[in-house]
Structures are given as structure tokens and as C-alpha cells.
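Per my numbering, numbering of the sequence shown is gapless, rising by one per residue and ending at 288. Virtual Cβ for every residue (Gly too), placed ideally from N, Cα, C. The structure appears below as C-alpha cells.
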Amino acid sequence: MRKGIENMKIVLNHKCNLTKNEFLAYQQAFAKIKTAHDIVMCPSSLYLPLFHLENISLGSQDVSTYEMGAHTGEISASQLKEMNVEYTIVGHSERRSDFDEKDNDIKEKIAKLLAQGITPILCVGETSKEREKGERIEVIKRQLSILSSFDTKKIIIAYEPVWAIGTGLVPTVEELDEVLTSIHFSYPESLLLYGGSASDENIEYLKTSQEIDGYLLGGLSLKLEKLQVFLDLC
Ligand code: PGA
């Protein structure tokens with residue numbers, strides 16, 4: 055964690071998981087979690103109106119590039135705002151790969167969110183092929199270049215190597231520090247999260263990096279006992 059930052063920002067990405075009843079039971083169990091860290095919960099958008107936890111911020115997993123109007127199936131930033139959403143994940147690798155989302159779409163989403171006062175959490179990260187070819191820094195710089203026209207202190211950046219998401223693999227602290235230092239150098243005002251198989255088993259190792267301001271958690275966000283251990287350790 056960087057100097058001057060008191061609490062970690064922990065973002066929980068539920069992805070497309072949990073039935074309605076499972077979400078309600080999850081929330082009930084979550085109320086017993088104890089932590090001083092800042093938690094942002096990003097459930098399925100269907101459950102945003104069911105969210106009722108105190109001292110936890112609500113986030114969404116995506117937003118439309120469009121404003122309200124004739125855009126079937128979309129959810130606009132102003133609609134999210136009305137549901138008390140304070141943060142929105144954009145550019146997650148699953149959206150880039152499964153929905154062919156491009157940097158320009160992501161830039162548009164960030165503009166729409168900022169106009170509503172919602173904090174974008176921009177995910178960036180290299181694939182295993184790009185890593186093998188030594189293109190890591192170049193790829194991340196390209197993905198971040200869409201930020202040039204925005205006030206970056208209002209944007210959170212999440213470094214999520216694609217090859218680490220859901221695989222149990224994490225970068226070495228040397229690899230992490232190389233990437234994170236270069237992001238901090240260009241965007242010193244943005245909070246910087248790490249995401250990709252972060253867990254109660256590797257947090258002691260990950261936290262030896264001095265550059266991480268928080269974590270974006272996928273799988274672990276659904277396992278509350280392990281999440282509590284993680285929060286106690288980080
Ligand atoms: P994971 O997912 O923690 O399950 O690797 C992280 C993410 O996709 O944001």
C-alpha cells in the first residue's frame with residue numbers, strides 16, 4: 055500500500071453468479087464481515103435494488119455507452135446513479151474478449167459515468183501471449199491511453215493480467231512492481247488495484263508489493279469465510 059493511503063479499496067466482482075435467494079442469503083451473511091477496509095460490492099445488475107448493506111458501497115459490473123433511449127437491453131449511467139451505484143467496473147477482460155469491447159467503447163463508458171459522478175474502475179492487463187512476447191507494458195499503456203482526456207484522480211485503475219484471472223496464478227512481486235510503478239508514474243492520482251486470483255492463500259505474498267492500493271476480487275468475493283481471512287491479512 056502506498057504511503058498516505060489508510061484503507062485498502064476492496065472491490066467484489068460477483069460476475070454472473072448467485073440466484074436471487076442466494077444473493078439475499080449472501081447479503082445476510084456478509085453483514086457479519088468485519089473490516090476497516092473500504093468495500094465496494096458489484097452484484098449482478100438485477101440485484102442492485104436489493105442491496106441493503108451498511109458501510110459498503112454499491113458498484114455495477116458494466117454500463118452502457120449510450121444514454122437513456124432506444125437501446126434494448128442496455129443500462130445507462132443515469133439509471134445506475136438512481137440505484138445508488140457509486141462505482142462501475144469498465145473494460146473487464148471478460149467484456150473485452152466475450153463482447154469484443156474496444157478501447158473506444160470503454161472511453162465512452164468512462165465519460166458517461168463521470169458525467170453522473172460515478173467512479174469508473176478501469177481494468178487493464180495483458181494476455182498470456184502478450185506476456186510471453188514481452189509486450190506487457192506496451193499493452194497496458196495502450197489500454198490506459200484512453201484516460202488522457204479525463205480527470206484521473208476520479209478514476210480507479212485495476213491491473214488484472216488476463217492469464218491470472220480465475221487461474222490461481224499470480225505475477226511475481228517483481229513483475230507486479232514493474233507494471234504498477236509504471237502505471238503510478240503516468241497516473242499518480244489514481245488508486246491502483248490488483249486483480250487476478252488474489253486470495254487468502256497468496257495475500258501475504260502480494261502485500262509485499264508497495265504499490266497496491268487495493269484488490270479486485272472475483273472468485274474470493276463469493277467465499278465469505280476465506281474473504282474474512284483475506285481482509286484480516288491485507
Ligand atoms: P478472480 O477474478 O479473482 O476470480 O481471478 C478477478 C476478476 O475477474 O476481476
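ask   = Does the count of Cβ pairs from the segment 151 to 163 and the segment 219 to 232 closer than 8 Å reach three?
value = no
request  = Please classify Asn158: does DSSP put it in a helix, a strand, or coil?
outcome  = helix
task = Leaving out five residues on either side along the sequence, give the residues of the same chain with a beta carbon under 6 Å from the beta carbon of Gly145.
result = Ile160, Leu176, Cys177
task = Take the Cβ of Asn67 as the centre, count every other Cβ of all protein chains shown within 10 Å, and call the residue buried at 16 or more, exposed below.
result = buried
task = Please list, in chain order, all residues of the same chain as Asn61 whose beta carbon is under 8 Å from its beta carbon, the five residues on each side excluded.
result = Ala90, His91, Asp92
key: beta-carbon Ile172 near the ligand PGA non-hydrogen atom, thresh 7 Å   = No, the ligand PGA has no heavy atom inside 7 Å of this Cβ.
request  = Please specify which runs of the alpha helix (DSSP H), each continuous and at least 4 residues long, are wholly inside the segment 150 to 232, giving them in chain order.
outcome  = The qualifying runs are 157 to 169, 182 to 186, 190 to 198.
query = I think Tyr213 touches Gly188, with their Cβ atoms under 8 Å apart; what is that distance to the nearest whole Å?
reply = About 17 Å separates the CB atoms of Tyr213 and Gly188; that is not less than 8 Å, and the two are not in contact.
task = Consult DSSP for Gly113 and reduce its assignment to one of helix, strand or coil.
result = strand
ask   = If Leu234 sits next to Ile266, beta carbons under 8 Å apart, how far is it from one beta carbon to the other, in whole angstroms?
value = With 8 Å as the limit, Leu234 and Ile266 qualify as a contact, their Cβ atoms being about 7 Å apart.
query = Under 8 Å, do Leu112 and Met95 count as touching if we go by C-beta distance?
reply = yes
key: Classification of Pro174 by the beta-carbon crowding that lies within 10 angstroms, buried from 16 upward   = buried
key: Where the alpha helix (DSSP H) through Ile257 begins and ends   = 257 to 260
query = What residue from Tyr120, Ile143, Ile110, Lys88 has the CA that sits closest to Ser99's CA?
reply = Ile143
task = Report the rounded CA-to-CA distance for Gly272 versus Leu104, giving the unit in angstroms.
result = 20 Å
inquiry  = Short of 8 Å in beta carbon distance, which residues of its chain neighbour Tyr259, apart from the five on each side in sequence? Order them along the chain.
reply    = Val224, Val227
inquiry  = For Asp116 and Asn71, I'd like the C-alpha separation in whole angstroms.
reply    = 15 Å
task = Mind listing, in chain order, the continuous beta strand (DSSP E) runs of no fewer than 3 residues lying wholly within the segment 68 to 99?
result = 92 to 96
inquiry  = Quick check on the contact list: which residues have their beta carbon closer than 6 Å to a heavy atom of the ligand NAD?
reply    = This structure lacks the ligand NAD; the ligands present are the ligand PGA.
message = Using a 10 Å radius around the Cβ and a threshold of 16 neighbouring Cβ atoms, would you call Arg196 buried or exposed?
response = By the 10 Å Cβ count, Arg196 comes out exposed.
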